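Peer 1: Can you read through this structure? Questions will come right after.
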Ligand SMILES: Nc1ncnc2c1ncn2[C@@H]1O[C@H](COP(=O)(O)OP(=O)(O)OP(=O)(O)O)[C@@H](O)[C@H]1O
Ligand SMILES: Nc1ncnc2c1ncn2[C@@H]1O[C@H](COP(=O)(O)OP(=O)(O)OP(=O)(O)O)[C@@H](O)[C@H]1O
Ligand SMILES: [Mg+2]
Ligand SMILES: [Mg+2]
């Protein structure tokens with residue numbers, strides 16, 4: 080099975096999208112960095128394996144493991160029942176708080192205040208799915224292909240609200256001090272898990288063990304805090 | 471065909487005075503002068519490359535001359551401020567290659583200019599198209615496209631197209647070289663009828679029999695110069711050895 | 471020019487029997503039959519659209535006939551299993567439009583087929599090119615490209631290209647219509663020399679004087695049929711009113 | 004995230020540009036060979052060969068290159084054929100470029116006037132001799148400008164190789180953009196680099212076009 | 049390989065795919081229409097004897113043809129926004145595609161103009177037609193007829209390339225596909241389906257152009273020359 084193959088090869092191939100900050104990105108020296116990158120590095124170190132990043136885009140994360148071009152995915156995969164039909168998930172190693180953030184000057188307390196406002200979102204993210212399913216709330220969505228474009232839309236004034244993680248919402252004000260965004264409505268907290276192709280129970284088991292250990296010893300929380308600025312939810316850490 | 475000629479009866483309809491024209495280093499017209507009076511048919515002959523086509527093209531201002539003077543129907547062709555379209559309403563030209571518009575039917579080819587330039591009605595133009603096509607023996611080809619016609623038929627259609635503009639002078643550049651003797655004869659009759667009606671014509675041709683039959687005057691060009699000129703009779707009794715050689719070896 | 475004729479002396483070199491050919495609804499050849507014997511020069515005349523070019527093209531299998539039989543130098547042209555290249559080694563054809571290859575010099579145009587098809591040496595082919603070009607009066611144009619030649623010169627080069635293949639029959643389609651009388655005379659001499667050397671020829675021409683001078687036999691086509699046939703004399707004393715009209719109105 | 008553009012970023016873009024050039028060359032070479040075969044198939048005397056090649060061209064010209072890349076890289080393994088990213092990208096570009104060049108070249112061959120084919124036939128040249136000695140030399144003249152012109156499209160289209168994991172010019176720009184969040188700046192730089200790669204080729208194409216008369220064919224993509 | 053293809057999940061989303069395909073067609077239609085107008089004007093401009101006019105048209109064509117469409121779309125979308133002009137994503141996408149395809153059609157139509165034999169224009173001049181009349185009757189229609197196959201291909205390519213506008217939130221076919229595949233993680237099924245839809249769209253477009261050709265080129269209709 081796959082776990083044996085990995086151990087025999089002494090190398091693990093991890094699919095990570097390097098264009099979704101702050102989980103996967105490049106630092107000023109163009110070294111991979113981000114919470115998913117450090118998580119992957121921690122895993123490889125703990126298991127004594129050489130680490131190879133497989134560059135993916137959002138659309139090719141899953142096919143990469145399905146066709147054995149990567150062993151596992153550590154790339155902000157949030158768990159949904161629909162997706163669980165296609166690949167297996169480990170237990171959650173992190174969580175992502177999704178919010179709708181708006182321009183500071185916008186009065187918005189709850190969903191009804193967002194009616195009629197254009198909300199920018201990255202296409203195909205769980206935020207997108209969640210908001211798309213809220214048919215009765217009459218939200219207007221503008222979907223962009225990635226976070227950078229979405230942020231630029233907000234920075235340049237194409238949109239006054241965004242649905243994303245709190246971390247990214249804060250970036251807007253950094254880019255353009257005259258347009259400071261703040262979280263207005265919480266969408267949900269999503270569990271992020273490692274993706275493994277179907278039918279590899281041994282590997283999933285071993286990954287689950289590793290996640291539990293590192294949640295308990297606080298290492299995963301530390302990585303998360305470093306990049307997202309907040310701690311993981313209390314119930315995950317215990 | 472109704473012709474209203476405005477040119478004063480004394481002045482020639484076409485006049486070239488000492489015309490020079492070079493293509494790069496190649497001197498094609500080297501001081502060419504001749505005149506064509508109203509109602510006259512002038513035939514230009516000469517061996518290949520002697521500058522006949524070029525002379526014709528200069529008359530209709532398709533080429534600018536280097537020096538000299540050309541006047542056609544009171545238009546000073548050599549004048550840079552010439553009203554080109556006015557000149558070309560008075561001058562009809564038919565080329566060696568027929569240049570029918572391939573995307574238009576024969577009728578559309580013929581009615582295009584009368585409708586667009588003279589502004590006559592579509593119906594009137596179509597009636598006229600039928601007439602000029604009948605003149606060249608093509609009345610049944612009204613709704614065909616050029617590529618559906620044989621070479622000879624295309625050339626006749628091109629002549630008809632020019633006639634439809636009722637020009638004051640017609641220039642023909644080897645228009646009969648694709649026609650068989652029968653059609654050449656027909657066109658000859660058409661052209662004779664035109665001449666009788668007062669049409670002035672300048673034509674380049676290689677067919678000496680045709681030249682003899684139609685020419686009021688013959689201009690023999692040789693190396694860019696008018697080498698010999700005179701009535702059609704010079705074709706049978708040439709004065710210069712060059713012309714003698716040119717016609718002697720022919721028919 | 472050295473000709474080795476393999477055809478039995480009794481059989482004609484070209485024979486058409488009851489040939490029919492239509493383009494869609496248009497019947498172009500309507501039961502055409504004629505024969506050309508060895509060394510004979512047959513001239514095809516007829517008004518535009520009467521099917522002369524088509525008949526010529528059928529002989530060299532550029533068009534497939536609908537019914538009837540064509541035999542050329544013992545090749546059954548109407549046979550679907552015909553060896554086309556063998557046929558065309560025996561038949562030379564020169565078209566109305568010259569069709570020189572624009573990317574090759576005149577010399578290369580002429581040597582291409584002898585080298586590629588007959589496999590003769592480059593040097594020999596070049597020597598031969600010089601000869602045939604001299605025959606048509608173009609020996610100085612060896613290294614020019616076709617576009618650098620006048621129309622008349624291009625046509626002569628095309629004739630030279632065909633001659634270089636030393637065919638057993640030559641087909642000419644209005645090859646002189648772009649030539650002036652002087653050059654027509656030269657080509658006429660070339661063709662006469664060929665005829666004296668035993669070359670069989672079929673030519674379409676509109677020039678009656680030329681036809682009279684060269685033809686052993688004349689075939690007058692009218693509406694897709696052979697309307698009248700006979701020696702060159704029929705051009706001066708036609709038997710049918712159609713031929714009389716055709717030649718009568720001409721020169 | 005954050006930070007500002009530095010020399011490393013530019014190096015990274017330069018490295019991406021190298022991949023863009025490399026992939027373009029692969030596409031041109033493979034596609035050139037494929038295109039030549041397609042062009043010959045499209046004018047083949049055999050009806051079946053003509054139909055099949057026409058179907059191929061229709062299919063490929065109707066499918067975005069992105070989808071071809073995706074299906075080659077991830078689709079073939081499902082049939083038990085494993086391909087490396089380079090093989091997948093090379094194969095996809097070959098398939099794609101071949102269809103377009105094949106069409107350009109077929110058009111060029113067919114635009115050699117019919118009397119030229121007939122004149123060659125009349126001289127008893129064989130089919131291959133006619134092709135090689137008479138038709139192709141004339142077709143090459145007609146085909147060169149649109150072919151060179153199409154190279155510009157190949158260069159721009161290699162950006163889609165990011166789907167199989169190549170970090171070429173466009174993808175490296177995207178990655179940098181996602182750490183700097185400066186799309187305006189980054190994409191302008193990318194535009195300038197693409198322009199620098201493409202414009203000289205466009206210039207050559209135009210020169211050729213002027214020298215060989217008007218191009219009857221030209222094809223491009225966005 | 050443990051992939052079991054399951055198209056049912058994807059087919060369930062057909063209304064979304066239909067909407068996306070329609071939007072793709074709308075974008076292609078608008079850009080084709082306006083792009084043709086720009087192409088004709090641009091081609092006339094490029095052949096203009098006025099050096100500034102032909103230079104400007106040249107710069108337009110070169111800058112568009114030598115940079116990726118994506119960049120052009122970003123520049124229009126964010127550029128307009130930073131000038132304080134807000135348009136819908138659809139309007140911006142249509143505008144960017146029009147500007148893009150206009151440059152290509154300019155080149156194609158110019159090549160068509162150049163291919164009209166000099167003799168044709170001389171014949172028209174000899175008939176005293178004005179410059180505008182010559183352009184309209186003798187140059188433009190035959191030129192467009194000549195380059196019609198290239199134009200058709202260019203517009204089909206434009207339709208395929210319109211997928212990039214998903215980047216600025218136009219909900220066309222690729223956007224729908226991206227959304228569906230990230231929602232279901234069924235990338236193969238989605239891409240195969242989307243490939244089929246694109247092929248159908250391009251066949252529909254080609255058929256449409258063929259029919260249009262029969263209408264606007266009567267000679268082709270009469271003589272049956274394939275377009
Ligand atoms: N546009 C041009 N540029 C350069 N040279 C030209 C041009 N037009 C004609 N010539 C040259 O000028 C000379 C005269 O050409 P012209 O066409 O007037 O001859 P012509 O007497 O009509 O001959 P032909 O009987 O063969 O038609 C030829 O040598 C020709 O090559
Ligand atoms: N490929 C073709 N398709 C359809 N019709 C054709 C084709 N070739 C010739 N024709 C028609 O067949 C008829 C005979 O043509 P052909 O060229 O044989 O005439 P021709 O006697 O050579 O005339 P010309 O003296 O004008 O050259 C004409 O009416 C012509 O329009
Ligand atoms: Mg001339
Ligand atoms: Mg003929």
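Residue numbers (our numbering), protein chains in the order written: chain F, 80 to 317; chain D, 471 to 721; chain X, 471 to 721; chain V, 4 to 225; chain A, 49 to 275.
The C-beta atom is built at its ideal place from N, Cα and C for all residues, glycine as well.
Since we're looking at a predicted model, the values are computed, not measured.
Shorter than 8 angstroms from the beta carbon of residue 643 of chain X to some beta carbon of chain V?
Peer 2: On the third chain, residue 643 of chain X is found 173 positions in, with the first residue counted as 1. Taking Cβ atoms only, chain V never reaches closer than 8 angstroms to residue 643 of chain X, which makes this a no.
Peer 1: Which residues bound the alpha helix (DSSP H) around residue 148 of chain V?
Peer 2: To locate residue 148 of chain V, count along the fourth chain from 1; it is residue 145. Start and end: 139–160.
Peer 1: Using beta carbons (cut-off 8 angstroms, strictly below), is residue 716 of chain D in contact with chain X?
Peer 2: As a working mapping, residue 716 of chain D is identified with position 246 in the second chain. Chain X contact via Cβ: present.
Peer 1: If you compare alpha carbons, which of D/500, D/514 and D/588 is closest to residue 699 of chain D?
Peer 2: For this step, residue 699 of chain D is matched to residue 229 along the second chain. Of D/500, D/514 and D/588, the residue nearest in Cα terms is D/514.
Peer 1: Listing by chain order, which chain V residues have their CB less than 7 angstroms from the CB of residue 208 of chain A?
Peer 2: Walking along the fifth chain from the start, residue 208 of chain A turns up at place 160. Those are 67, listed as they occur along chain V.
Peer 1: Please go through the same chain and pick out, in chain order, the residues whose beta-carbon is closer than 6 angstroms to the beta-carbon of residue 137 of chain A, but skip the five residues on each side of it.
Peer 2: Here the question's residue 137 of chain A lines up with position 89 in the fifth chain. Excluding sequence neighbours, residue 137 of chain A sits near 216, 217 and 218.
Peer 1: Starting from the Cα of residue 242 of chain F, find the closest Cα among F/218, F/254, F/124 and F/90 and give me that residue.
Peer 2: Counted from its first residue, the first chain places residue 242 of chain F at position 163. When F/218, F/254, F/124 and F/90 are compared, the shortest CA-CA separation from residue 242 of chain F is found for F/218.
Peer 1: Starting from the C-beta of residue 220 of chain V, find all residues in its chain whose C-beta is less than 8 angstroms away, skip the five residues before and the five after it, and write them out in chain order.
Peer 2: Taking the first residue of the fourth chain as position 1, residue 220 of chain V is located at position 217. Per-residue confidence for residue 220 of chain V stands at a pLDDT of 40, beneath the threshold of 50, marking its modelled position as unreliable; the derived number appears in the next sentence. Within the same chain, residue 220 of chain V has close Cβ partners 107, 110, 111, 114, 145, 146 and 149.
Peer 1: Using a Cβ cut-off of 9 angstroms, pull out every chain F residue sitting near residue 236 of chain A, in sequence order please.
Peer 2: Position 188 of the fifth chain holds residue 236 of chain A. Those are 142 and 145, listed as they occur along chain F.
Peer 1: I'd like the list of long-range same chain contacts for residue 706 of chain X, defined as Cβ closer than 7 angstroms, with 5 residues on each side in sequence excluded.
Peer 2: One-based indexing of the third chain puts residue 706 of chain X at position 236. Nothing listed; no residue qualifies.
Peer 1: Since residue 111 of chain F contacts residue 178 of chain F with CB under 8 angstroms, what's their CB separation in whole angstroms?
Peer 2: Here residue 111 of chain F refers to the residue found at position 32 of the first chain. Here residue 178 of chain F refers to the residue found at position 99 of the first chain. The Cβ separation is near 27 angstroms, so there is no contact.
Peer 1: Who are the neighbours of residue 614 of chain D on chain X, taking C-beta pairs under 7 angstroms?
Peer 2: Here the question's residue 614 of chain D lines up with position 144 in the second chain. What residue 614 of chain D touches in chain X: nothing, since even the nearest Cβ is about 11 angstroms away.
Peer 1: What does a CB cutoff of less than 7 angstroms around residue 118 of chain A pick up in its chain, not counting 5 residues either side in sequence?
Peer 2: In the fifth chain, residue 118 of chain A corresponds to position 70, counting from 1. 212 and 215.
Peer 1: Per the contact definition of three or more C-beta pairs closer than 8 angstroms, is the segment 245–256 of chain A in contact with the segment 196–213 of chain A?
Peer 2: yes
Peer 1: Less than 8 angstroms between the C-beta atoms of residue 658 of chain D and residue 683 of chain D, yes or no?
Peer 2: Taking the second chain and counting its residues from 1, one reaches residue 658 of chain D at position 188. Taking the second chain and counting its residues from 1, one reaches residue 683 of chain D at position 213. Yes. Within cutoff.
Peer 1: Buried or exposed for residue 7 of chain V, going by 16 or more other Cβ atoms inside 10 Å?
Peer 2: Translated into positions along the fourth chain, residue 7 of chain V becomes position 4. Flag for residue 7 of chain V reads exposed.
Peer 1: Can you round the beta-carbon distance between residue 596 of chain D and residue 581 of chain D to whole angstroms, since I take them to be within the 8 angstroms contact cut?
Peer 2: Start at 1 with the first residue of the second chain, and residue 596 of chain D comes out as number 126. Start at 1 with the first residue of the second chain, and residue 581 of chain D comes out as number 111. About 6 angstroms separates the CB atoms of residue 596 of chain D and residue 581 of chain D; that is less than 8 angstroms, so the two are in contact.
Peer 1: For residue 68 of chain F and residue 149 of chain F, what's the separation of their Cα atoms in angstroms?
Peer 2: Since the displayed chain F opens at 80 and closes at 317, residue 68 of chain F lies outside it and no answer follows.
Peer 1: Given a limit of 8 angstroms on CB to CB distance, which residues of the segment 536–555 of chain D reach chain A?
Peer 2: Those residues of the segment 536–555 of chain D that come within reach of chain A (Cβ to Cβ, closer than 8 angstroms) are 554 and 555.
Peer 1: Is the beta carbon of residue 167 of chain V less than 8 angstroms from the beta carbon of residue 76 of chain V?
Peer 2: Numbered from its first residue, the fourth chain carries residue 167 of chain V at position 164. Numbered from its first residue, the fourth chain carries residue 76 of chain V at position 73. Contact flag set, yes.
Peer 1: Is the closest heavy atom of ligand 3 to the C-beta of residue 644 of chain D under 7 angstroms?
Peer 2: Working through the second chain from its first residue, we reach residue 644 of chain D at position 174. Under cutoff, so the answer is yes.
Peer 1: When you compare each of V/136, V/71, V/207 and V/129 to residue 279 of chain V by their alpha carbons, which one comes out closest?
Peer 2: With chain V covering 4 to 225 only, the question about residue 279 of chain V has no answer from this structure.
Peer 1: Could you please give me the residues that DSSP links to residue 524 of chain X through a beta bridge?
Peer 2: Locating residue 524 of chain X in the third chain gives position 54, counting from the first residue. For residue 524 of chain X, which the question treats as bridged, DSSP gives no partner whatsoever.
Peer 1: Among X/495, X/500 and X/540, which has the Cα closest to the Cα of residue 481 of chain X?
Peer 2: As a first step, residue 481 of chain X is located in the third chain; it is residue number 11 there, counting from the start. If we check each option's Cα against that of residue 481 of chain X, X/540 comes out closest.
Peer 1: How many Å lie between residue 483 of chain D and residue 551 of chain D at the Cα?
Peer 2: Locating residue 483 of chain D in the second chain gives position 13, where the first residue counts as 1. Locating residue 551 of chain D in the second chain gives position 81, where the first residue counts as 1. Whole-angstrom Cα-Cα distance: 20 angstroms.
Peer 1: So does residue 496 of chain D have its beta carbon nearer than 7 angstroms to some heavy atom of ligand 1?
Peer 2: Against the second chain, residue 496 of chain D aligns to sequence position 26. Residue 496 of chain D: yes, Cβ under 7 angstroms from ligand 1.
Peer 1: Report all residues from its chain with a CB closer than 7 angstroms to the CB of residue 4 of chain V; omit the five preceding and five following residues, and keep chain order.
Peer 2: If you number the fourth chain from 1, residue 4 of chain V lands on position 1. For residue 4 of chain V, the pLDDT reaches just 46, beneath the cut-off of 50, and the residue's location in the model is therefore unreliable, leaving the point undetermined.
Peer 1: So which of D/602, D/488, D/629 and D/592 has the shortest CA-CA distance to residue 174 of chain A?
Peer 2: Here residue 174 of chain A is taken as the residue at index 126 of the fifth chain, counted from 1. The option with the nearest alpha carbon to residue 174 of chain A is D/629.
Peer 1: Consider the C-beta atom of residue 654 of chain X and the heavy atoms of ligand 1; say whether any pair is separated by less than 7 angstroms.
Peer 2: As a first step, residue 654 of chain X must be located in the third chain, where it is residue number 184. Because no heavy atom of ligand 1 lies under 7 angstroms away, the Cβ of residue 654 of chain X does not count as near it: no.
Peer 1: According to DSSP, is residue 585 of chain X part of a helix, a strand, or is it coil?
Peer 2: Counted from its first residue, the third chain places residue 585 of chain X at position 115. Residue 585 of chain X: helix per DSSP, three-state reduction.
Peer 1: Quick one: using the 10 Å Cβ neighbour count with 16 as the cut-off for buried, is residue 477 of chain D buried or exposed?
Peer 2: The residue given as residue 477 of chain D occupies position 7 in the second chain. A caution first: residue 477 of chain D carries a pLDDT of 44, below 50, which makes its placement in the model unreliable, though a value can still be read off. It counts as buried.
Peer 1: Would residue 676 of chain D pass as an interface residue toward chain X - the criterion being a Cβ-Cβ separation below 8 angstroms?
Peer 2: As a first step, residue 676 of chain D is located in the second chain; it is residue number 206 there, counting from the start. So yes, residue 676 of chain D belongs to the interface.
Peer 1: When you measure from the CB of residue 493 of chain D to every non-hydrogen atom of ligand 1, does any distance come out below 7 angstroms?
Peer 2: The count along the second chain starts at 1 and reaches residue 493 of chain D at position 23. Result yes, Cβ under 7 angstroms from ligand 1.
Peer 1: If you drop the 5 nearest sequence neighbours on each side, which residues of the same chain put their C-beta closer than 7 angstroms to that of residue 190 of chain V?
Peer 2: Taking the fourth chain and counting its residues from 1, the one referred to as residue 190 of chain V is at position 187. Excluding residues within five positions, the ones whose Cβ falls inside 7 angstroms are 176.
Peer 1: Could you have a look at residue 659 of chain X and say whether DSSP puts it in helix, strand or coil?
Peer 2: As a working mapping, residue 659 of chain X is identified with position 189 in the third chain. In this structure, residue 659 of chain X counts as helix in the three-state DSSP scheme.
Peer 1: Per DSSP, which one or two residues make a beta bridge with residue 180 of chain F?
Peer 2: Mapped onto the first chain, residue 180 of chain F falls at position 101. For residue 180 of chain F, which the question treats as bridged, DSSP gives the partners F/241 and F/262.
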